[in-house]
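Trainee: This structure is in structure tokens; I'll ask about it shortly.
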Amino acid sequence: MTTDENEAGANLEKLNANLAKLEELSQRLVTAMSHKRQIDPNLQAPSQELFAKAMSAYMTDFMQNPARIMEHQASYWGKILKHYVEAQQALTTGKLTVPSDETPKDRRFANPMWQSHPYFNFIKQNYLLTSAAISEAVGDIQGMRARDKKRLSYFTQQIVDMCAPTNFFATNPDALEKAVETDGQSVVQGLENLVRDIESHDGELVVTLSDPKAFKVGENLATTEGSVVYRNRMFELIQYAPTTDQVKSIPLVLFPPWINKFYILDLKEKNSLIKWIVDQGYTIFVVSWKNPDPSYADVGMDQYVEEGYLTAIEEVKKITGQSKVNAIGYCIAGTTLSLTAALMAKRGDTSLNTVTLFTTLTDFSDQGEIGVFLDEDFVGGIEREVAEHGILDSFFMSRTFSYLRSNDLIYGPAIKSYMMGVPPPAFDLLYWNGDSTNLPAKMTVEYLRGLCMENRFATDGFTICGETVTLKDVKVPVYSIACETDHIAAWKSCLNGVRQMGSRSKTFVVSQSGHVAGVVNPPSKNKYGHYTNTKLNQEPDDWYASAKFNEGSWWPVWSEWLGKKSGRLVEARVPGADSEHPALLPAPGSYVLSEASA
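Shown next, in the form of structure tokens:
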């Protein structure tokens with residue numbers, strides 16, 4: 119036999135072995151999927167009422183204005199027919215060329231074969247032409263409430279994105295090329311990745327975004343030196359070790375969101391906001407929230423404020439011997455910090471010196487992109503889920519936020535992992551993104567209904583710890599940082615909330631980028647700039663139009679503001695030096711290591 123024949127024989131043997139593995143993995147896949155639990159339909163999709171409204175509006179529109187509807191259809195049919203004829207003409211000439219292609223560029227179709235191969239180009243053009251027609255048809259529907267139409271557009275786009283030819287093996291040239299190059303090994307590895315993900319999530323499909331073995335919290339993430347100096351059932355209080363001989367007298371306490379874990383602000387030394395704050399000469403304490411299990415079912419917003427915020431502030435005052443603290447709240451923790459500031463003002467408690475808010479909504483009249491899920495169908499489904507299980511499992515929140523960026527956080531990673539057999543990358547941010555937390559039943563419902571849906575804090579008042587508070591009750595100086603492309607807390611909504619606060623001193627900054635990257639924006643990278651404007655009485659668009667753009671991170675500008683409100687310099691404080699608050703264990707503590715489980 120020739121060398122080529124030997125090689126061909128070896129390749130065939132390898133292919134047959136891989137096909138046998140596929141059969142075995144398929145059996146494992148079926149078994150894994152059989153473990154999937156039943157989930158309330160309203161946690162899987164919007165109610166049928168939304169689509170019934172859309173159908174009713176479409177039919178009414180058709181009866182009242184048939185010419186416009188037919189024009190839509192004729193335009194779509196014309197484009198599809200023209201494309202089909204051109205493709206057929208190219209094939210009948212015997213030349214494997216593609217017809218004219220005027221479809222817009224789309225990064226999902228980066229492989230050159232989408233442009234040069236008649237088969238793939240035909241599929242791509244049909245998909246993009248059809249997608250555009252669907253979007254136009256939905257956009258032109260008349261007679262629907264703006265909120266319903268926004269939801270319809272969002273969920274329609276989800277279906278359109280899901281049906282992209284890149285998401286199917288037979289119509290993805292990257293996956294097919296890889297399968298041929300590897301004699302089917304990439305398909306085997308991809309199926310192994312798929313089975314692994316489904317097995318590890320009890321039958322649910324959750325794409326692993328980052329190599330789970332690449333990082334370990336406390337070893338190569340969350341490594342800033344410090345100690346846990348206080349603990350209760352709600353949180354561990356971490357005091358970080360100083361890196362300067364002297365520090366500002368007024369301490370800083372940071373409240374991260376309990377929807378995620380705090381170490382997004384302490385990933386690695388080069389992008390750690392916590393480490394940077396320490397290096398600027400501040401004594402900083404960070405709250406690490408407990409990841410709740412079903413025994414926390416009755417924990418509500420009152421407990422997060424009394425046992426969380428107010429307790430942390432009191433303990434920080436005791437440790438430092440100071441009568442005031444500066445506080446930071448991120449996302450939902452910023453919303454709750456604002457509630458706490460209003461409550462303290464009502465009670466006459468002057469412990470808060472300043473409040474800094476990271477990407478924080480306090481006025482939910484415009485809920486941004488996340489608002490498509492804040493309707494009775496989804497929230498009702500969540501209420502039933504938490505009533506049964508005591509918590510909102512981390513799976514639901516993680517999936518919701520992923521679908522706001524489905525091509526980047528679901529379909530793109532799934533293609534690489536499941537179709538091409540590529541292992542997930544070692545990416546610290548995506549590792550943190552997958553390290554999710556549960557939410558207590560009572561708190562979840564109170565937050566979603568009272569704050570998000572009914573917007574009580576910005577209207578007639580939200581009741582917290584026996585007091586009814588509004589935005590006007592926030593009296594302390596406020597520094598708010600929002601992010602330009604934030605899909606969770608839109609900057610315009612953040613500004614509207616700050617404008618209504620009763621503080622005499624209010625500063626508002628818009629950082630470039632999104633919900634995480636706009637906050638975790640170290641000066642050393644000089645990556646994203648920020649916008650400033652002292653005229654907060656303007657509408658958001660006018661504020662932005664007259665704002666000044668500043669190169670570089672907002673961190674130093676904020677630190678300069680904070681430094682003027684942090685008192686004199688005192689000798690640096692060592693964690694555990696207070697006999698009543700000994701060092702219990704090194705940072706990052708134990709609560710952050712608990713995994714989300716029901």
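Letter by letter, the sequence shown follows residues 119 to 716 in my numbering.
Note that beta-carbon positions come from the ideal geometry of N, C-alpha and C, so glycine has one too.
Could you tell me which residues DSSP pairs with Ile599 in its beta bridges?
Mentor: Here the question's residue 599 lines up with position 481 in the sequence shown. Answer is Phe476, Val627, bridged to Ile599.
Trainee: Do Tyr597 and Val627 count as a contact pair if the criterion is CB distance below 9 Å?
Mentor: On the sequence shown, position 509 is the one that residue 627 refers to. On the sequence shown, position 479 is the one that residue 597 refers to. A contact, by the Cβ cut-off of 9 Å.
Trainee: Go through its chain and collect everything with a Cβ distance to Ser700's Cβ below 8 Å, but skip five positions before and after it.
Mentor: Here the question's residue 700 lines up with position 582 in the sequence shown. The question names Ser, yet the displayed sequence has Pro at residue 700. Same-chain partners within the cutoff: Val347, Gly694.
Trainee: Determine the DSSP secondary structure at Gln357, reduced to helix, strand or coil.
Mentor: Walking along the sequence shown from the start, residue 357 turns up at place 239. It is a strand residue.
Trainee: In the DSSP output, which residue or residues are listed as bridge partners for Lys366?
Mentor: Stepping through the sequence shown from its first residue, residue 366 is reached at position 248. In DSSP, Lys366 forms a bridge with Leu687.
Trainee: Under 9 Å between the Cβ atoms of Pro595 and Val473?
Mentor: Here residue 595 refers to the residue found at position 477 of the sequence shown. Here residue 473 refers to the residue found at position 355 of the sequence shown. Yes, they are a contact pair.
Trainee: Just the Cα atoms here: how many angstroms apart are Asp463 and Tyr381?
Mentor: Taking the sequence shown and counting its residues from 1, one reaches residue 463 at position 345. Taking the sequence shown and counting its residues from 1, one reaches residue 381 at position 263. It is worth fixing the name first, because residue 463 is Ala in this sequence and not Asp. Going by the C-alpha atoms only, they are around 30 Å apart.
Trainee: Closer than 7 Å by C-beta to Gln685: which residues in its own chain qualify, once you throw out the five before and the five after it? Chain order, please.
Mentor: Numbered from its first residue, the sequence shown carries residue 685 at position 567. Checking the displayed sequence, the identity of residue 685 turns out to be Gly instead of Gln. Here the set comprises Lys366, Ser367, Ile368.
Trainee: Whose C-alpha, out of Thr215, Leu199, Leu522, Met231, is nearest the C-alpha of Thr248?
Mentor: Here residue 248 is taken as the residue at index 130 of the sequence shown, counted from 1. Thr248 has its Cα closest to that of Leu199, out of Thr215, Leu199, Leu522, Met231.
Trainee: Where do the ends of the alpha helix (DSSP H) carrying Trp550 lie?
Mentor: Against the sequence shown, residue 550 aligns to sequence position 432. Element bounds for Trp550: 546–552.
Trainee: Assuming Val298 and Leu143 make a contact with CB atoms under 8 Å, what is their CB distance in whole Å?
Mentor: Position 180 of the sequence shown, counted from the start, is the residue given in the question as residue 298. Position 25 of the sequence shown, counted from the start, is the residue given in the question as residue 143. Wrong, their Cβ atoms sit about 19 Å apart, outside the cutoff.
Trainee: In three-state DSSP terms, what is Lys200?
Mentor: Translated into the one-based positions of the sequence shown, residue 200 becomes position 82. Helix.
Trainee: Starting from Tyr649 and walking both ways along the beta strand (DSSP E), at which residues does that stretch end?
Mentor: Residue 649 sits at position 531 when you count from the first residue of the sequence shown. That run of the beta strand (DSSP E) goes 648–650.
Trainee: Which residue from Ala172, Ser193, Ala185, Asp219 puts its Cα closest to that of Glu204?
Mentor: Counting from 1 along the sequence shown, the entry for residue 204 is found at position 86. Of the listed residues, the one whose Cα sits closest to Glu204 is Asp219.
Trainee: The beta strand (DSSP E) that contains Ser406, what's its start and end?
Mentor: Along the sequence shown, read from residue 1 onward, the residue named residue 406 stands at position 288. Note, Ser406: beta strand (DSSP E), 402–407.
Trainee: Using a beta-carbon distance below 9 Å, is Thr652 in contact with chain D?
Mentor: The question asks about chain D, but that chain is absent: this structure has only one protein chain.
Trainee: Taking 8 Å as the cut-off, does the stretch 449–456 touch the stretch 371–386 (at least 3 CB pairs, one atom from each stretch)?
Mentor: Contact between the stretch 371–386 and the stretch 449–456 is present, because at least three Cβ pairs lie under 8 Å.
Trainee: By Cβ distance, which residues of its chain are closer than 7 Å to Met571, with the 5 residues on each side in sequence left out?
Mentor: Reading the sequence shown from its first residue, position 453 is the one you call residue 571. Same-chain partners within the cutoff: Leu492, Val497.
Trainee: Return the Cβ separation of Gly636 and Glu602 in integer angstroms, given the expectation that the two are a contact with Cβ distance under 8 Å.
Mentor: In the sequence shown, the residue the question calls residue 636 occupies position 518. In the sequence shown, the residue the question calls residue 602 occupies position 484. Confirmed, about 7 Å.
Trainee: At the level of alpha carbons, what is the spacing between Ser174 and Ile259?
Mentor: Along the sequence shown, read from residue 1 onward, the residue named residue 174 stands at position 56. Along the sequence shown, read from residue 1 onward, the residue named residue 259 stands at position 141. If you take the alpha carbons of Ser174 and Ile259, they lie about 10 Å apart.
Trainee: In this structure, how does DSSP classify Val324 when only helix, strand and coil are distinguished?
Mentor: The residue you call residue 324 lines up with position 206 of the sequence shown. Val324: coil per DSSP, three-state reduction.
Trainee: Under 6 Å Cβ to Cβ from Ser715, same chain only, skipping five residues before and after it: list those, please.
Mentor: Within the sequence shown, residue 715 is the residue found at index 597, counting from 1. Residue placement at Ser715 is poorly supported in this model, since its pLDDT is 47, which falls under 50; the coordinates still yield a value, given next. Closer than 6 Å at the Cβ level, and outside the excluded window around Ser715, lies no residue.
Trainee: Measure the C-alpha to C-alpha separation of Glu713 and Ala172 and round it to an integer number of angstroms.
Mentor: Here the question's residue 713 lines up with position 595 in the sequence shown. Here the question's residue 172 lines up with position 54 in the sequence shown. Distance between the alpha carbons of Glu713 and Ala172 is about 41 Å.
Trainee: Label Ser554 either buried or exposed according to how many other C-beta atoms from any shown protein chain fall within 10 Å of its C-beta, with 16 as the threshold for buried.
Mentor: Here residue 554 corresponds to residue number 436 of the sequence shown, with the count starting at 1. It counts as buried.
Trainee: Looking only at its own chain, which residues have a Cβ that is under 7 Å from the Cβ of Gly707, when we skip the five neighbours before and after it?
Mentor: Counted from its first residue, the sequence shown places residue 707 at position 589. Val346, Glu354, Ile356, Ser406.
Trainee: My guess is that Val587 and Gly579 are in contact by the Cβ rule of under 8 Å, so how many angstroms apart are they, rounded?
Mentor: Position 469 of the sequence shown, counted from the start, is the residue given in the question as residue 587. Position 461 of the sequence shown, counted from the start, is the residue given in the question as residue 579. Confirmed, Cβ separation roughly 6 Å.
Trainee: With a Cβ-Cβ cutoff of 9 Å, do Phe575 and Asp484 count as a contact?
Mentor: In the sequence shown, counting from the first residue as 1, residue 575 sits at position 457. In the sequence shown, counting from the first residue as 1, residue 484 sits at position 366. Contact: no.
Trainee: In the DSSP assignment, what are the bridge partners of Gly447?
Mentor: Here residue 447 is taken as the residue at index 329 of the sequence shown, counted from 1. Looking at the DSSP assignment, Gly447 forms a beta bridge with Phe373, Leu475.
Trainee: Would you identify the three-state DSSP class for Ile509, choosing helix, strand or coil?
Mentor: Residue numbering aside, residue 509 sits at position 391 when the sequence shown is read from its first letter. Strand, per DSSP.
Trainee: For Ile582, name the three-state secondary structure that DSSP assigns.
Mentor: Taking the sequence shown and counting its residues from 1, the one referred to as residue 582 is at position 464. Reduced to three states, the DSSP call for Ile582 is strand.
Trainee: Can you give the Cα-Cα distance for Met119 and Asp301, rounded to whole angstroms?
Mentor: Here residue 119 refers to the residue found at position 1 when the sequence shown is read from its first residue. Here residue 301 refers to the residue found at position 183 when the sequence shown is read from its first residue. With a pLDDT of only 47 at Met119, under 50, the local geometry of the prediction cannot be trusted, and no value is derived from it.
Trainee: Within the same chain, show all residues whose beta-carbon is closer than 6 Å to that of Asp384, passing over the 5 residues directly before and after it, in chain order.
Mentor: Mapped onto the sequence shown, residue 384 falls at position 266. Correct list, in chain order: Ala340, Thr342, Ser390, Ile392.
Trainee: Mapping DSSP to helix, strand and coil, what is Ser715?
Mentor: To locate residue 715, count along the sequence shown from 1; it is residue 597. Because the pLDDT of Ser715 is 47, which lies under 50, any placement of that residue in the model is unreliable, and the number read from its coordinates should be weighed accordingly. Correct three-state label for Ser715: coil.
Trainee: Beta-carbon separation of Ser535 and Asp315 under 9 Å?
Mentor: Reading the sequence shown from its first residue, position 417 is the one you call residue 535. Reading the sequence shown from its first residue, position 197 is the one you call residue 315. Yes, these two residues count as a Cβ contact at 9 Å.
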